[in-house]
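Numbering (the working numbering), first residue to last: 153 to 264. Each residue gets a CB set at the ideal place from its N, CA and C atoms; glycine is no exception.
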């Protein structure tokens, strides 16, 4: 499977997830079953070319699910996505909390 050009092809969420699952299954086959370093490297490059979060693929590879069970992989991927969404929602407060002010109060000289 070759990577489509990122600027000319947009995937909907379902198609994107199916692609992530397929690449994860192919990576598991190349890395773990066949021990094919060249095939695994090619697939990791494809993951990068498609701008898929490598942590997402790693979570699927090492999630403890049977790599041939697409429903289990889909559930695992949904859980990972939910966790990422929750983290993104929470993180804005830490970045915007100080609104450009220094993290620690600065000592100011008394003008008097």
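- Distance from the Cα of residue 220 is smallest, within the candidate group 164, 174, 169 and 165, for 174.
- Residue 229 sits buried, since 16 or more C-beta atoms from the chains shown fall within 10 Å of its C-beta.
- Taking C-beta atoms as the reference points, residue 225 and residue 236 fail to come closer than 8 Å.
- For residue 178, the closest alpha carbon among the candidates 200, 232 and 213 is that of 213.
- A Cβ-Cβ separation of about 6 Å places residue 182 in contact with residue 195 under the 8 Å criterion.
- The alpha carbon of residue 169 has as its nearest neighbour, out of 239, 238 and 223, the alpha carbon of 223.
- Rounded to the nearest whole angstrom, the C-alpha separation of residue 192 and residue 211 is 16 Å.
- In chain order, 228 place their CB closer than 7 Å to the CB of residue 215, counting only its own chain and leaving out the 5 sequence neighbours on each side.
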